[in-house]
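For reference, the structure is listed below as structure tokens.
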Amino acid sequence: MSVDANRIDALQAEGRTFPPPPDFAAQANAQAGIYEKGFEEFWEEEGRRRVTWYKPFDKLYEWNPPYAKWYLGGQLNVCYNCVDRHVESGLGEKVAFYWEGEPDDERRAVTFADLQRDVVRFANGLKKLGVKKGTPVGIYMGMCMDLPVAMLACARLGAPFTVVFGGFSADALSGRLNDMGVEVLITQDEGWRKGNKVPLKAHSDAAMEMSPTVRTCLVSRRMGDPINMREGRDVYVDEVIQGLSDDPSSCPCEPMDSEDLLYLLYTSGTTAKPKGIVHTTGGYLVGVATTHYYIFDVKPESVYWCAADIGWVTGHSYILFAPLCNGVTGVIYEGVPNHPNEERWWEIIERYKVDILYTAPTTIRTHMKWGPQYAQKHDLSSLRLLGTVGEPINPEAWIWYREHVGLGRTPVVDTWWQTETGMILITPLPGLTTLKPGSATKPFPTVDAAVYDERGHEVPPGQGGYLVVRKPWPAMLRGIYNDPDRYQETYWSRYKDVYFVGDGARKDADGDFWLMGRIDDVMNISAHRISTIEVESALVDHPAVAEAAVCGRSDPQTGQAIVAYVTLKATHQPSVELLSVLRDHVSMKIGKIAAPANIVFTPELPKTRSGKIMRRLLRDVAEHRTLGDTTTLADPTVVEELRSRAVTEEGKEQ
Ligand code: PRX
20 MSVDANRIDA LQAEGRTFPP PPDFAAQANA QAGIYEKGFE EFWEEEGRRR VTWYKPFDKL
80 YEWNPPYAKW YLGGQLNVCY NCVDRHVESG LGEKVAFYWE GEPDDERRAV TFADLQRDVV
140 RFANGLKKLG VKKGTPVGIY MGMCMDLPVA MLACARLGAP FTVVFGGFSA DALSGRLNDM
200 GVEVLITQDE GWRKGNKVPL KAHSDAAMEM SPTVRTCLVS RRMGDPINMR EGRDVYVDEV
260 IQGLSDDPSS CPCEPMDSED LLYLLYTSGT TAKPKGIVHT TGGYLVGVAT THYYIFDVKP
320 ESVYWCAADI GWVTGHSYIL FAPLCNGVTG VIYEGVPNHP NEERWWEIIE RYKVDILYTA
380 PTTIRTHMKW GPQYAQKHDL SSLRLLGTVG EPINPEAWIW YREHVGLGRT PVVDTWWQTE
440 TGMILITPLP GLTTLKPGSA TKPFPTVDAA VYDERGHEVP PGQGGYLVVR KPWPAMLRGI
500 YNDPDRYQET YWSRYKDVYF VGDGARKDAD GDFWLMGRID DVMNISAHRI STIEVESALV
560 DHPAVAEAAV CGRSDPQTGQ AIVAYVTLKA THQPSVELLS VLRDHVSMKI GKIAAPANIV
620 FTPELPKTRS GKIMRRLLRD VAEHRTLGDT TTLADPTVVE ELRSRAVTEE GKEQ
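Offset between the sequence shown (1-based) and our numbering: plus 19.
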């Protein structure tokens, strides 16, 4: 494992800086002095300020590495904090979400009072189906309004849930349902994706065949087309909730301990089995609400749009829980950015006068590819602040975003964090920080991030190394579900009592952090983590495949694209048909997002004498780089052979 030196040099060339605009700085939520606050003082204060407790906490935190607990002794309910308390304080008629369907004519303004009624009725429906505190629930949906409603209803009842991104396949869904032992699965009939209908219930049916713990499937009617419903197991939401009360007193919020499980979210690691990242209640809510308040500078009149999918951690933390906890109006858009055309996003911003937009570099690059003319047709003057997340942003994309979306005047906050961290950890504060395109700048107040060398010493400024976090933070993961050994091994074994992130980074002379991507076998495709081994396992699962090795190569749109090197069994011959069969097979096993962009058939994979596949060399081949050290290769001719094939295959694909 080594940090990619080429990338460091590329980033070092970036010298532009953008100090905060004075008018922004004057009104910013984060003011000078925030970085000087003591660790305990800061989180004690935020813990009381951001959240309403049924029972106040009596101890800020406890740190028994690698396990942290926060706000000990406190009791609260996430749904109460996100919904009920705003209605009680007179904000019932304020819009919680502007929801837009992918079809251009479907729009709803959902007030906090509407949301409360919807959540209460949904929660009463879940109760009728036997869901109570502790019942594990799975949620597999597109971005319809029933998705946030279902999550909040689970939180109301104290039922831990796992949301599985609607783009995942039945196999991927089933693995997650089994790991959590899910009893009730909430899904929808079909979802919209670029004008096509995605058969979510049919995928759920296939998953449930392999997931025997699921006893009930609750189906939200999004399209209304006839679908398969199994008697005794499957029920429609509208039928279950018919006649049930929407009065909050009919379904009180369950008081939860700070450290009670809120949700699991599965993420890729270096083995084929995704990790169930554990997030609990009190520290998580305080952590996401606090970071949201200071980083996005939200105001009571803000219309904030985080254009992620709720199925990923960005959506959990910064579409749902943080904005609602802060009582901020949000936007949820169900579809893709170019439906019915490339103007859709800018229309949405103009329509709702969005003042804060948060998205991923991959989407910015897609808009760049389409050109600025679509944004230019719309009034984007409501925007005050832009954010990015998910992967390192190329300085050119950062500048384009600020110029063409932020009209050359908004700050851009490049926020670094992970599914595991739950909340943003490295980020500018827009009224205080001098921005540098491509740098996530400074650790959030109290966050103790550093760059280490192999031996656990901090490296000097300008030198690349491994990103670590040395102190706990409130929204940090509490473990990997049912796998304490893997938790210890993945995050806490490299350096003692220090969180090992898995990203390369360097800190410059001003103390600003430059992230350099993953250092393990995890690829970052369209800002989502996919492990090489998951894709390899999916390929080898096909009867034609003997062996497969997968790596990422850089891609102008998606950040990285997947290249697969495949050795076929003697019974099969390479063919163009087989390329698409294998691609479909991976889509079926994991989801479309994991389908290789290129597949190279090869009689042999480059291996060490001990039989280990040399991925580093595969990456070199995929990126047309000069080959690194080949001396440990069992058969050096294999790589040369691969190189010639790589070119032909890519040619074929384009
Ligand atoms: O490699 C880093 C990259 O995304 C990884 C986390 O992925 P995931 O758990 O799916 O969460 C994504 C959304 C929070 C990190 O280990 N990453 C995330 N944000 C940035 C980033 N890399 C560089 N700059 C960022 N701002």
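All residues carry an ideal CB built from backbone N, CA and C; glycine is no exception. None of these values were measured; they are calculated from a predicted model.
- Looking at the DSSP output, R537 sits in a beta bridge with D522.
- As far as DSSP is concerned, K631 takes part in no beta bridge.
- By the neighbour-count criterion, in which a residue is buried when 16 or more other Cβ atoms sit within 10 angstroms of its Cβ, A51 is exposed.
- Not one heavy atom of the ligand PRX sits closer than 6 Å to the Cβ of P462.
- For W417, the CB stays at least 6 Å from every heavy atom of the ligand PRX.
- Beta-bridge annotation (DSSP): K216 is paired with W211.
- Sorted by position in the chain, T286, W331, V332, T333, T407, V408, G409, E410, P411, I412, D433, T434, W435, W436, Q437, T438, E439, A459, V520, G521, D522, L534, G536, R537, N543, A546, H547 and R548 make up the residues whose C-beta lies under 7 Å from a heavy atom of the ligand PRX.
- Every beta strand (DSSP E) of 3 residues or more that sits fully in the region 215 to 247 is shown, in chain order, as 215 to 217 and 235 to 239.
- For L176, the enclosing alpha helix (DSSP H) stretches over residues D165 to L176.
- The count of Cβ pairs closer than 8 Å, one atom from the region 558 to 570 and one from the region 585 to 593, reaches three, so the stretches are in contact.
- According to the DSSP secondary-structure assignment, D502 is paired through a beta bridge with no residue.
- For D398, the closest C-alpha among the options M387, D374, P380 and G406 is that of D374.
- Residue pairing by DSSP puts N83 in a beta bridge opposite Y86.
- Within the same chain, Cβ atoms closer than 7 Å to the Cβ of M542 are found at I549, T551, G571, Q579 and I581, the five residues on either side in sequence being excluded.
- Under the rule that a run must span 3 or more residues, the beta strand (DSSP E) segments found entirely inside the region 536 to 606 read 541 to 544, 547 to 550, 564 to 574 and 578 to 587.
- Within the DSSP bridge table, the entry for T206 names Y159 and V238 as partners.
- Counting only runs that start and end inside the region 364 to 412, the beta strand (DSSP E) elements of at least 3 residues fall at 375 to 378 and 404 to 408.
- Counting along the chain, N617 sits inside the beta strand (DSSP E) bounded by residues N617 to F620.
- V466 has its alpha-carbon roughly 7 Å from the corresponding atom of K490.
- Sequence-distant Cβ neighbours of F43 in its own chain, meaning closer than 6 Å and more than five residues away, are G450.
- G302 places its beta carbon 7 Å or farther from that of L283.
- When DSSP states are grouped into helix, strand and coil, T299 belongs to the strand group.
- Here V520 has L486 as same chain residues with Cβ atoms under 6 Å from its own Cβ, once five neighbours each way along the sequence are excluded.
- A distance of 7 Å or more separates the beta carbons of S223 and G610.
- Here the alpha carbons of T460 and T310 stand approximately 15 Å from one another.
- Remark: C-beta atoms of C270 and V97 do not approach each other more closely than 7 Å.
- Three or more beta-carbon pairs separated by less than 8 Å link the region 345 to 356 to the region 149 to 168, which places the two stretches in contact.
- Beta-bridge annotation (DSSP): L304 is not paired with any residue.
- For the pair G144 and V569, the Cα-to-Cα distance works out to about 45 Å.
- Assignment of C325 by DSSP, reduced to helix, strand and coil, places it in the strand class.
- Counting every other CB atom within 10 Å of its CB across the protein chains shown gives R35 a total below 16, marking it as exposed.
- Rounded to whole angstroms, G177 and Q94 show a C-alpha spacing of 12 Å.
- Partner residues in a beta bridge of D527, as assigned by DSSP, do not exist.
- Rounded to whole angstroms, C173 and L281 show a C-alpha spacing of 9 Å.
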